[in-house]
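Heads up: the sequence shown at position 109 corresponds to 161 in the working numbering, and the numbers run straight through without jumps.
For each residue, glycine too, the CB sits at the ideal point set by N, CA and C.
Remember, predicted model here, so these are calculated numbers, not experimental data.
Input: a single structure, listed below in structure tokens.
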Amino acid sequence: MLFHNAELITIDPVIRPVYLEKNITAFALRLDKCDPIVSGNKWFKLQFYLEEAKKENKKVVATFGGPWSNHLVAAAAACKNLGFESVGFVRGEKPEQLSHTLKTAAAFGMELRFLTRECYAAEKHAVNKQLTTYTIPEGGFGLLGANGASTIANFFNEKDFTHVLAAVGTGTMIAGLAHSVQKTPLIGIPVLKGKLELEKAIKKLAPTATGSYQLIEGFEWGGYAKHPTNLLQYMNQLFATTQIPTDIVYTAKLFYATEQLAAADNFKKNSRLLLIHSGGLQGNQSLKKEELCFPLAGL
Ligand SMILES: *Cc1c(COP(=O)(O)O)cnc(C)c1O
Numbered sequence: 053m054l055f056h057n058a059e060l061i062t063i064d065p066v067i068r069p070v071y072l073e074k075n076i077t078a079f080a081l082r083l084d085k086c087d088p089i090v091s092g093n094k095w096f097k098l099q100f101y102l103e104e105a106k107k108e109n110k111k112v113v114a115t116f117g118g119p120w121s122n123h124l125v126a127a128a129a130a131c132k133n134l135g136f137e138s139v140g141f142v143r144g145e146k147p148e149q150l151s152h153t154l155k156t157a158a159a160f161g162m163e164l165r166f167l168t169r170e171c172y173a174a175e176k177h178a179v180n181k182q183l184t185t186y187t188i189p190e191g192g193f194g195l196l197g198a199n200g201a202s203t204i205a206n207f208f209n210e211k212d213f214t215h216v217l218a219a220v221g222t223g224t225m226i227a228g229l230a231h232s233v234q235k236t237p238l239i240g241i242p243v244l245k246g247k248l249e250l251e252k253a254i255k256k257l258a259p260t261a262t263g264s265y266q267l268i269e270g271f272e273w274g275g276y277a278k279h280p281t282n283l284l285q286y287m288n289q290l291f292a293t294t295q296i297p298t299d300i301v302y303t304a305k306l307f308y309a310t311e312q313l314a315a316a317d318n319f320k321k322n323s324r325l326l327l328i329h330s331g332g333l334q335g336n337q338s339l340k341k342e343e344l345c346f347p348l349a350g351l
């Protein structure tokens, strides 16, 4: 399956006072540039699931997520592109006002079904049994997702960097990277609390990974999708100095954490950091336009 916009991915310098002061160079792998919707790591995580669905001649792709799930929108857009019907199971009651993410998913033809907590598990089981439907696990979490994410490493040469840093949600991306980034230490920044659970999840997907990875907690900003004003201010500052837009859920927390770690001397002089910009910019659409100094990406 062709990844049509791979040529748009670049490695850009991240020039910030703290890096200059500490004699560190930082770069961003701009996976966000490849597509405004199926942006960042989501295409990589989806590609092998969708390939398998094609091979098995499935007509419908079903998957699961919350109301702000980048995964759901990415799946909706990718399915439309590849000629699958798509169904998105969304946790919770149907809200009066759909989130921007869900509206976008629906605009790509995804049929949304809202499930209460009790129905969620039962429904998951039922969909798995439908013969014409291919099910992608919630958030793309699974071995095929990790295999897909491991191909992100094709876009850089690990020898050029002393550390590779990435945001961690389900852990699928970092598990994949742990397979393909062999020598350079990987640092994962969880965007939600529960490091032990995450470590277990990553182990499940990367039992034989040879690369070394470490999760550094403390940069959740209160939890998943929480985005206090200070974080928005940081995003605006970062954009003003680097022209790099970040998203409120994942990448802003990654860029911020990396600066804090540098300030606290976690990296030696002359370190060369690669931050994986894993996309997710469509999530900023839940903000008001005036809150960010760069355009809210998406439709
Ligand atoms: C989903 C997502 C992640 C987290 O990836 P996991 O594989 O779930 O750990 C990071 N960044 C962005 C922008 C995402 O959308």
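Nearest-angstrom Cα separation, counted from residue j out to residue i
i: K255; j: E59; result: 32 Å
i: E104; j: L134; result: 12 Å
i: A201; j: K111; result: 24 Å
i: G144; j: K321; result: 48 Å
i: E249; j: G191; result: 15 Å
i: H52; j: V113; result: With the chain covering 53 to 351 only, the question about residue 52 has no answer from this structure.
i: T222; j: A80; result: 21 Å
i: L351; j: T184; result: For L351, the predicted structure reports a pLDDT of 42, less than 50, and the residue's modelled location is therefore unreliable. A value from the coordinates is still provided. Cα to Cα, L351 sits roughly 30 Å from T184.
i: R169; j: G274; result: 23 Å
i: I67; j: K247; result: 30 Å
i: F319; j: N199; result: 29 Å
i: A261; j: S232; result: 8 Å
i: N336; j: A349; result: 7 Å
i: R165; j: S323; result: 48 Å
i: K85; j: P259; result: 31 Å
i: N122; j: A130; result: 12 Å
i: I204; j: T214; result: 17 Å
i: I226; j: Y276; result: 17 Å
i: Y286; j: K97; result: 28 Å
i: A173; j: Y101; result: 21 Å
i: A30; j: A309; result: What the structure shows of the chain is the stretch from 53 to 351, and residue 30 is not part of that stretch, so it cannot be assessed.
Reduced DSSP secondary structure (H/G/I, E/B, other) of residue i
i: S202; result: helix
i: L351; result: Caution applies to L351, whose pLDDT of 42 falls short of 50 and renders its modelled position unreliable; the value that the coordinates give is listed next. Note: L351 maps to coil in three-state DSSP.
i: A218; result: strand
i: T224; result: helix
i: R324; result: strand
i: L167; result: strand
i: Q234; result: coil
i: L150; result: coil
i: A295; result: Here residue 295 is Gln; the residue named in the question, Ala, does not match the sequence. DSSP places Q295 in coil when its eight states are reduced to three.
i: G275; result: coil
i: D64; result: strand
Whether residue i touches residue j by CB criterion (8 Å)
i: F208; j: L326; result: yes
i: A314; j: K74; result: yes
i: K305; j: F271; result: yes
i: I89; j: Q334; result: yes
i: S330; j: L83; result: yes
i: A253; j: I188; result: no
Within-8 Å CB hit, residue i to chain B
i: N133; result: You won't find chain B in this structure, because it holds only one protein chain.
heavy atom of ligand 1 below 7 Å from residue i C-beta
i: N133; result: no
i: A219; result: yes
i: G118; result: no
i: T156; result: no
i: I226; result: yes
Note down, one range per segment and in chain order, each alpha helix (DSSP H) of at least 4 residues found wholly within the region 77-146.
Those alpha helix (DSSP H) runs which fall completely within the region 77-146 and span 4+ residues are 93-107, 122-134.
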